[in-house]
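Everything on this sheet refers to the single structure shown next.
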Ligand SMILES: Nc1ncnc2c1ncn2[C@@H]1O[C@H](COP(=O)(O)OP(=O)(O)OP(=O)(O)O)[C@@H](O)[C@H]1O
Ligand SMILES: [Mg+2]
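Numbering (this note's numbering), first residue to last: 811 to 1034.
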């Protein structure tokens, strides 16, 4: 049976700017099953980032519902939302968003400090992940001493540190050259396979989108 981890029903998000309403999301119905790899493409401004932010519990919807493992998350208190986000979601971005003063290893152990994983286990997990991602000899490098591809791999390791159910990736290859794009895309496919982690990947690159098992397209705040 395919276990549904995320379900959105008639999800909407309206931004009001200068007295004008912008319907960034307009009735999104989406079911994500455990271990599924979904890609979302679509024109600029179609609502892709907004959808990821709502599913990632970073922003509140204007209407509709989001359920996580059958629980309506709009009913959760702020602390419970933070907890769910920290333990069950991993995020990666176009700009990597690593902490510039931290080493690769410290960037990966940091989210586990927040979830209070004991130090020994934090270090073990971070090292195992960094080794898995081919960064065994980059652990003590700071972000400015890493290439773009290495930086994104550190960000992926960080996103996986708390063993989330879902990885949300917003244009993760947007700042990478074509070879590094292929490498990171293949890596996401492998991690999806190995760890059974569900992935929602937003991209402008059709070849990257094809790595997913289900490809969706957004237009004007709706899923085609
Ligand atoms: N904080 C905000 N305030 C007002 N309008 C916003 C805000 N965030 C997004 N929007 C608007 O909502 C719409 C959807 O934006 P969103 O960033 O989700 O698009 P996107 O599909 O991710 O685009 P891109 O491919 O360029 O990243 C756009 O019209 C955008 O201008
Ligand atoms: Mg975007």
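We put the beta carbon where it would ideally sit given N, CA and C, even for glycine.
Take residue i and list the residues in its own chain whose beta-carbon comes closer than 6 angstroms to its own, dropping the five residues that flank it on each side.
{"i": "residue 951", "result": "914"}
{"i": "residue 842", "result": "815, 816 and 1008"}
Does ligand 1 have even one heavy atom less than 7 angstroms from the beta-carbon of residue i?
{"i": "residue 857", "result": "yes"}
{"i": "residue 837", "result": "no"}
{"i": "residue 901", "result": "no"}
{"i": "residue 847", "result": "no"}
{"i": "residue 818", "result": "no"}
Who are the Cβ neighbours of residue i in its own chain at under 7 angstroms, not counting the five residues just before and after it?
{"i": "residue 879", "result": "815"}
{"i": "residue 918", "result": "936, 939, 940, 964, 967, 968 and 971"}
{"i": "residue 1013", "result": "849, 851, 981, 983 and 1019"}
Quick test of your reading: residue i and residue j, contact by CB under 8 angstroms. State the CB separation rounded to the nearest angstrom.
{"i": "residue 975", "j": "residue 1008", "result": "6 angstroms"}
{"i": "residue 993", "j": "residue 959", "result": "6 angstroms"}
{"i": "residue 991", "j": "residue 1015", "result": "7 angstroms"}
Between the beta-carbon of residue i and the beta-carbon of residue j, is there less than 8 angstroms?
{"i": "residue 823", "j": "residue 840", "result": "no"}
{"i": "residue 1022", "j": "residue 876", "result": "no"}
{"i": "residue 1041", "j": "residue 924", "result": "Residue 1041 is absent from the model: the chain starts at 811 and stops at 1034."}
{"i": "residue 961", "j": "residue 920", "result": "no"}
Which of the three DSSP states, helix, strand or coil, is assigned to residue i?
{"i": "residue 957", "result": "coil"}
{"i": "residue 1016", "result": "helix"}
{"i": "residue 981", "result": "coil"}
{"i": "residue 828", "result": "coil"}
{"i": "residue 869", "result": "coil"}
{"i": "residue 879", "result": "coil"}
Leaving out five residues on either side along the sequence, give the residues of the same chain with a beta carbon under 8 angstroms from the beta carbon of residue i.
{"i": "residue 1027", "result": "850, 851, 852, 1033 and 1034"}
Is residue i a contact residue of ligand 2, with contact defined as CB to any heavy atom under 7 angstroms?
{"i": "residue 1030", "result": "no"}
Determine, for residue i, whether the minimum Cβ-Cβ distance to residues of chain C falls below 8 angstroms.
{"i": "residue 936", "result": "Any reference to chain C falls outside this structure, which holds one protein chain only."}
Closer than 7 angstroms: is that where the CB of residue i sits relative to any heavy atom of ligand 4?
{"i": "residue 1015", "result": "The model on display carries ligand 1 and ligand 2 but not ligand 4."}
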